[in-house]
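The sequence shown begins at 21 in the numbering used here and counts up by one. Note that beta-carbon positions come from the ideal geometry of N, C-alpha and C, so glycine has one too. These figures come from a predicted structure and were not determined experimentally. Take a look at the structure below.
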Amino acid sequence: MNFKDICSQRYSVRSFKSTPVEDEKIAQILEMVKQAPTARNNQPYEILYAKTPEGIQKLTAGRDSFFGAPLVFVICSIDEKRWHNRQSGREFTLQDIGIIATTLMYASSEVGLGSVYVCAFDPIKTKEALNLEGLTPECMMVVGYPAEDATPSQMHFNRRNVEEFAREIK
Ligand SMILES: Cc1cc2nc3c(=O)[nH]c(=O)nc-3n(C[C@H](O)[C@H](O)[C@H](O)COP(=O)(O)O)c2cc1C
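Okay, here's the thing in structure tokens:
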């Protein structure tokens, strides 16, 4: 699939087959993520993933349901790599994390998997359950083969037209 098709066909999958995701596909996804840009090439992230029922069970400390998915990525920021732009005072870590998560999401599509980006979880409970030091769980990407009954939610079809969100600077 080319990128245009991936963008038009991707939707948030909230029902997965229990079929495990092949290790080779996990490796391919992570290789694609490795190429993603970050501010000042700071790479302020670590990615943990659970691919066994035991691993996924640990993540239920922070969230009840993973939609039956066999694979969950937890994208963490590295606390000591947070930095502020001197000019604006703004911190870029969350932008970097968003880029990493989005790349992971589209990389999953590229290898034939469905995904849903998840921020509704308790980062403190997740951090405790995983014994993380110096890392903050920022978001999760729930990944797997879509179940037969998987369909896009109504939200998927609610998009503004380009002319409603983009305008030329003249
Ligand atoms: C930053 C972010 C956080 C999200 N958090 C959740 C979440 O916690 N649970 C969930 O079911 N979907 C979550 N989503 C998915 C959005 O609801 C979904 O992308 C949006 O409704 C558009 O639908 P679509 O992805 O099917 O096109 C999140 C998406 C983004 C980008």
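Taking residue i and residue j to be in contact with their CB atoms under 8 Å, please state how far apart those CB atoms are, rounded to whole angstroms.
i	j	result
residue 127	residue 52	4 Å
residue 117	residue 95	6 Å
residue 102	residue 64	6 Å
residue 66	residue 26	Actually they do not touch by this definition, with Cβ atoms about 26 Å apart.
For residue i, which three-state DSSP category applies?
i	result
residue 1	Past the boundaries of the shown model lies residue 1; the chain is included only from 21 to 190, so the question cannot be answered.
residue 42	coil
residue 119	helix
residue 171	coil
residue 113	helix
residue 96	strand
residue 66	strand
residue 125	helix
Just to confirm, are residue i and residue j a CB contact at a threshold of 8 Å?
i	j	result
residue 164	residue 114	no
residue 45	residue 131	yes
residue 81	residue 156	no
residue 70	residue 41	no
residue 86	residue 33	no
residue 30	residue 129	yes
residue 68	residue 124	no
residue 78	residue 167	no
Which term fits residue i, buried or exposed, when burial requires 16 or more other beta carbons within 10 angstroms of its beta carbon?
i	result
residue 24	exposed
residue 182	exposed
residue 73	exposed
residue 185	exposed
residue 177	exposed
residue 140	exposed
residue 28	exposed
Rounded to the nearest angstrom, what separates residue i and residue j at their Cα positions?
i	j	result
residue 153	residue 104	21 Å
residue 48	residue 175	29 Å
residue 191	residue 173	Only positions 21 to 190 of the chain appear in this structure, which leaves residue 191 out of reach.
residue 179	residue 110	29 Å
residue 169	residue 35	7 Å
residue 148	residue 171	34 Å
residue 43	residue 100	30 Å
residue 159	residue 121	8 Å
residue 39	residue 76	14 Å
residue 88	residue 62	34 Å
residue 55	residue 187	30 Å
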